[in-house]
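Novice:
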Amino acid sequence: MNARVERRRYSDYVIVRGRIEADRFIPGWWVTPSREMLEAWPPPSEDSGWFAAAVDQEDRVLARAVATVTDADVCRTDDFQIDVGALLPLPPGTAAVVIAENDREVYRRAVPAQANIAFAEVLPERLERESTRVALRIQGHLPGEGAYVVLRWEAPSSAPWPLQIIAAEAAEVLAEVDLRNLPGGRGCRLVAVYYDGIHTITLTSEEIELEPRPGYPVLILPLPGMQFGADGCVPLEAELDGDGDTGDLVWIVDGTETKSGPRGTLEGLDVGRHVIGLRYQQEETSIEIEIVDPALSMPQTATPTPPWRVGPATWLGLPPSSYS
Amino acid sequence: MLPAALAVGEVTLTCYVQARSPGTKAGGDDLYYNSSATTKLRFHQRRNIRFRYQRWDSATVTAPPDASCRSALRVEGTLLPIPDPPIDALSPNPVPSNGRLVEDLFAMKSATPGASGPEEIWFTMGNFGQGGVALPSTPWTGATDPTRAVSAHEVAHMFNQSHLNHPVCGPNNGDALSAFPDNGQVIVIGWDQWANQEMRGATDLMSYCWATAWMSPERWHRLFLKVGQ
């Protein structure tokens with residue numbers, strides 16, 4: 009299968025993470041931050057004594073970031089953990105990332121050599137709904153400490169769907185991808201994100217066809233039996249369970265096709281009961297609602313001033329005068 | 375309860391009240407008293423947040439029921455100042471515990487376009503009593519158990535809310551109870567729309583009083599400002 013490779017080898021930042029156990033720094037997965045993470049990353053509130061540094065071949069510090077150290081309870085338990093995290097710039101020429109507590113270096117990770125990633129085998133252009141083995145080949149270096157691969161599935165009608173994370177410990181990474189419940193259709197892609205410990209390399213497959221899941225209309229609003237005033241509007245909201253275009257959802261009011269799409273409003277319905285139906289292809293569901301006229305349903309037969317303001321009072325319990 | 379689809383922009387809300395006094399009208403008919411009130415409400419645009427979760431199990435702890443996880447997140451969503459959130463299970467579900475489930479989720483989240491920011495909150499979910507955690511170095515990714523109290527508590531951590539110290543329930547590493555309005559007691563009566571019942575005598579959800587945890591007006595206000603649009 010042909011595939012395109014998008015390399016973001018010279019990422020500007022890395023989020024370094026780890027935890028402290030028995031005075032040892034245990035590295036976690038480091039990540040290349042997205043723009044949202046860069047914008048939202050909180051500045052360290054105080055100098056924790058811990059920092060991350062990007063150093064060059066001669067060990068000169070090119071960038072330095074104070075780490076946030078969090079002594080966190082695991083809520084509802086007696087456990088706790090000490091967590092270290094820092095957002096570190098990676099200037100050109102960075103040869104290694106160093107974690108230190110004050111002046112004591114506790115961890116060092118070298119910037120790996122350039123690598124490529126590729127699918128080891130050609131994937132068919134059309135996949136069946138079953139588990140499929142996918143092999144990835146890392147070329148250029150053997151994965152080092154902290155290297156991992158994230159697989160995700162992308163379908164045109166759905167948000168990107170993460171599949172799994174696999175520690176990369178050899179030149180070939182094997183994954184079992186369960187396609188049974190994934191969104192399908194034409195134009196799907198399998199994406200592998202290889203994190204070499206410092207930088208990210210993304211491999212995107214060519215388009216794959218996966219048999220679409222059958223689509224079922226799901227009526228969210230209105231709810232069965234809801235009452236609406238005749239002078240208001242009826243909200244319409246629906247989802248499609250399965251694969252397909254929500255624009256093809258059809259709203260049927262009392263047997264007449266009225267609107268299409270996942271949401272909208274109905275206005276001007278007559279007073280009385282109405283059947284609201286929702287159809288997607290051959291599947292249909294419906295509920296009944298009632299339109300009421302508030303003026304008619306509440307007879308104007310009384311004085312406008314309620315009696316509890318003017319009429320004689322009957323006290324239940326102690327009268328108000330005894331409340332002091 | 376106003377449907378979310380109607381809570382958009384400026385809305386005119388009219389409330390009709392009718393009281394019936396049986397047999398008190400001349401001739402023995404029922405007497406009706408009608409009243410109505412109208413007000414304009416303006417709904418602020420809120421951030422849409424999607425929840426994704428992955429259950430975990432181990433040799434000694436079974437995975438929580440999937441329905442319990444969904445229920446906890448669904449109820450939690452109604453406590454927070456966000457529209458009703460979509461809830462998706464991540465596969466494999468459950469996943470075996472490996473000591474770094476939150477880290478795994480955070481790395482996967484970071485590698486998923488559109489998911490790395492606060493628009494998506496990801497949880498690894500253990501069984502009842504396993505507790506929860508939300509750390510600054512794994513933003514919008516955490517662990518919880520399938521109770522609304524713990525999961526709402528962890529989401530609040532993700533939006534910069536600290537613990538509220540409580541002399542009976544704990545913890546003792548957060549803000550002083552005396553510095554919080556009403557000493558952390560939720561004076562207003564909450565409405566649990568899923569259980570269709572009132573919530574009285576509740577405590578702000580950032581303490582460890584799990585059985586009575588509920589959103590206080592002050593906490594809601596603070597979260598409202600943090601969650602943003």
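Chains B and V are the protein sequences, given in the same order.
Each position in the first sequence, counted from 1, maps to that position plus 8 in our numbering.
Each position in the second sequence, counted from 1, maps to that position plus 374 in our numbering.
Ideal Cβ positions, reconstructed from N, Cα and C, are used throughout, including at glycine.
Bear in mind that the values here come from a model prediction, so they are computed numbers and not experimental data.
Can you give the Cα-Cα distance for I28/B and T85/B, rounded to whole angstroms?
Specialist: Looking up residue 28/B in the first sequence gives position 20. Looking up residue 85/B in the first sequence gives position 77. Cα to Cα, the separation comes out at about 19 Å.
Novice: Leaving out five residues on either side along the sequence, give the residues of the same chain with a beta carbon under 6 Å from the beta carbon of T512/V.
Specialist: Counted from its first residue, the second sequence places residue 512/V at position 138. Once the five neighbours on either side are set aside, the close Cβ partners of T512/V are V476 and F480.
Novice: Taking Cβ positions only, does T486/V come closer than 8 Å to chain B?
Specialist: Walking along the second sequence from the start, residue 486/V turns up at place 112. Yes, contact with chain B.
Novice: When the Cβ atoms of the region 148 to 162 of chain B are set against those of the region 106 to 123 of chain B, are three or more pairs found closer than 8 Å?
Specialist: yes
Novice: Look up D440/V in the DSSP assignment and say whether it is helix, strand or coil.
Specialist: Looking up residue 440/V in the second sequence gives position 66. Residue state for D440/V is assigned as helix, using DSSP reduced to three classes.
Novice: Name the one or two DSSP bridge partners that D79/B has.
Specialist: For the purposes of this step, residue 79/B is taken as residue 71 along the first sequence, with counting starting at 1. I90/B, per the DSSP bridge assignment.
Novice: According to a CB-to-CB cut-off of less than 8 Å, which residues of the region 464 to 480 of chain V neighbour chain B?
Specialist: L464, S465, P466, R474, E477, D478 and F480
Novice: Taking just the CA atoms, how far does D458/V sit from E572/V?
Specialist: The residue given as residue 572/V occupies position 198 in the second sequence. The residue given as residue 458/V occupies position 84 in the second sequence. Each residue's Cα considered, the two are about 20 Å apart.
Novice: How about L150/B: is its C-beta nearer than 8 Å to some C-beta of chain V?
Specialist: By one-based count along the first sequence, residue 150/B stands at place 142. Chain V contact via Cβ: absent.
Novice: P513/V touches chain B at which residues, Cβ-Cβ below 8 Å?
Specialist: As a first step, residue 513/V is located in the second sequence; it is residue number 139 there, counting from the start. In chain order: M45, A48 and W49.
Novice: Fully enclosed by the region 213 to 285 of chain B, which beta strand (DSSP E) runs are 3 residues long or longer?
Specialist: 216 to 218, 224 to 229, 235 to 237, 241 to 249, 258 to 261, 264 to 268 and 271 to 275
Novice: Return helix, strand or coil for V449/V, following the three-state DSSP convention.
Specialist: Here residue 449/V is taken as the residue at index 75 of the second sequence, counted from 1. DSSP places V449/V in helix when its eight states are reduced to three.
Novice: Using 8 Å as the cut-off, can you tell me whether the region 431 to 445 of chain V makes contact with the region 464 to 475 of chain V, which would need three or more C-beta pairs spanning the two stretches below that distance?
Specialist: yes
Novice: Secondary structure at P510/V, three-state DSSP: helix, strand or coil?
Specialist: Here residue 510/V corresponds to residue number 136 of the second sequence, with the count starting at 1. DSSP places P510/V in the coil class of the three-state scheme, outside both helix and strand.
Novice: If you draw a straight line from the C-alpha of A321/B to the C-alpha of C389/V, how long is it?
Specialist: Looking up residue 321/B in the first sequence gives position 313. Looking up residue 389/V in the second sequence gives position 15. Legend: pLDDT at A321/B = 42, less than 50; position of this residue unreliable, no value from coordinates given.
Novice: Using DSSP with H/G/I as helix, E/B as strand and the rest coil, what is D549/V?
Specialist: The sequence position of residue 549/V within the second sequence is 175, counting from 1. If DSSP states are grouped into helix, strand and coil, D549/V belongs with the strands.
Novice: Within this structure, are the beta carbons of S42/B and G491/V separated by less than 8 Å?
Specialist: As a position in the first sequence, residue 42/B is number 34, starting the count at 1. As a position in the second sequence, residue 491/V is number 117, starting the count at 1. Yes. Within cutoff.
Novice: Any contact of the region 498 to 508 of chain V with the region 64 to 73 of chain B, i.e. 3+ C-beta pairs under 8 Å?
Specialist: no
Novice: Taking DSSP as the reference, what is the three-state secondary structure of V63/B?
Specialist: The residue you call residue 63/B lines up with position 55 of the first sequence. In the structure shown, V63/B sits in a strand (DSSP, three-state: E or B).
Novice: Counting Cβ pairs closer than 8 Å, one from the region 550 to 558 of chain V and one from the region 517 to 537 of chain V, do we hit at least three?
Specialist: With a cut-off of 8 Å, the region 517 to 537 of chain V and the region 550 to 558 of chain V do not count as touching, because too few Cβ pairs lie within range.
Novice: Would you mind sorting L144/B into buried or exposed? The rule is 16 or more other CB atoms within 10 Å of its CB.
Specialist: Within the first sequence, numbered from 1, the residue matching residue 144/B stands at position 136. By the neighbour-count rule (16 or more Cβ atoms within 10 Å), L144/B is buried.
Novice: Compute the Euclidean distance between the alpha carbons of G240/B and V279/B, then round it to the nearest angstrom.
Specialist: Numbered from 1 along the first sequence, position 232 holds the residue referred to as residue 240/B. Numbered from 1 along the first sequence, position 271 holds the residue referred to as residue 279/B. Cα to Cα, the separation comes out at about 11 Å.
Novice: If you measure from the beta carbon of T266/B to each beta carbon in chain V, is any gap under 8 Å?
Specialist: The sequence position of residue 266/B within the first sequence is 258, counting from 1. Chain V contact via Cβ: absent.
Novice: How should K483/V be labelled, buried or exposed, when 16 other C-beta atoms within 10 angstroms of its C-beta is the threshold for buried?
Specialist: Residue mapping note: residue 483/V aligns to position 109 of the second sequence, counting from 1. Buried.
Novice: Using a Cβ-Cβ distance under 8 Å, would C83/B count as near chain V?
Specialist: As a position in the first sequence, residue 83/B is number 75, starting the count at 1. Judged by the 8 Å Cβ criterion, C83/B is in contact with chain V.
Novice: Would A310/B count as contacting chain V if we go by Cβ distances under 8 Å?
Specialist: The residue you call residue 310/B lines up with position 302 of the first sequence. Its pLDDT being 48, under 50, A310/B is placed unreliably in this model, and the coordinates cannot settle the point.
Novice: Under 8 Å by Cβ, that's how I've got V24/B and G93/B pegged, so tell me the actual separation to the nearest angstrom.
Specialist: Your numbering for residue 24/B matches position 16 in the first sequence. Your numbering for residue 93/B matches position 85 in the first sequence. Going by Cβ atoms, the distance from V24/B to G93/B rounds to 7 Å, so yes, they are a contact pair.
Novice: With a 10 Å radius around its C-beta and 16 neighbouring C-beta atoms as the bar for buried, classify H418/V as buried or exposed.
Specialist: The count along the second sequence starts at 1 and reaches residue 418/V at position 44. By the beta-carbon neighbour count (other beta carbons within 10 angstroms, threshold 16), H418/V is exposed.
Novice: Just to check my reading of the structure: R137/B and E217/B have Cβ atoms closer than 8 Å, yes? What is that Cβ distance to the nearest angstrom?
Specialist: The residue given as residue 137/B occupies position 129 in the first sequence. The residue given as residue 217/B occupies position 209 in the first sequence. The beta-carbon distance between R137/B and E217/B, rounded to whole angstroms, is 11 Å. This is too long to meet the 8 Å contact definition.
Novice: Is the region 232 to 246 of chain B touching the region 286 to 301 of chain B, taking contact as three or more C-beta pairs under 8 Å?
Specialist: yes
Novice: Taking C-beta pairs closer than 8 Å, name the residues in chain V that L171/B reaches, listed in chain order.
Specialist: Here residue 171/B refers to the residue found at position 163 of the first sequence. Within 8 Å Cβ-Cβ: S465.
Novice: According to DSSP, simplified to helix, strand and coil, what is W49/B?
Specialist: Residue numbering aside, residue 49/B sits at position 41 when the first sequence is read from its first letter. Reduced to three states, the DSSP call for W49/B is coil.
Novice: Return the first residue and the last residue of the beta strand (DSSP E) that S409/V is part of.
Specialist: What you label residue 409/V is simply residue 35 of the second sequence in a count that begins at 1. Where S409/V is concerned, the enclosing beta strand (DSSP E) stretches over L405 to F417.
Novice: Can you find a C-beta in chain V that's less than 8 Å from the C-beta of R160/B?
Specialist: The count along the first sequence starts at 1 and reaches residue 160/B at position 152. True, the Cβ-Cβ gap to chain V drops below 8 Å.
Novice: At a CB distance below 8 Å, what residues from the region 126 to 143 of chain B approach chain V? Give them in sequence order.
Specialist: none
Novice: Judging by CA-CA distance, which residue of T40/B, E265/B, V39/B and T76/B is the nearest neighbour of E54/B?
Specialist: Position 46 of the first sequence, counting from 1, holds the residue named residue 54/B. Minimum Cα distance to E54/B is reached at T76/B.
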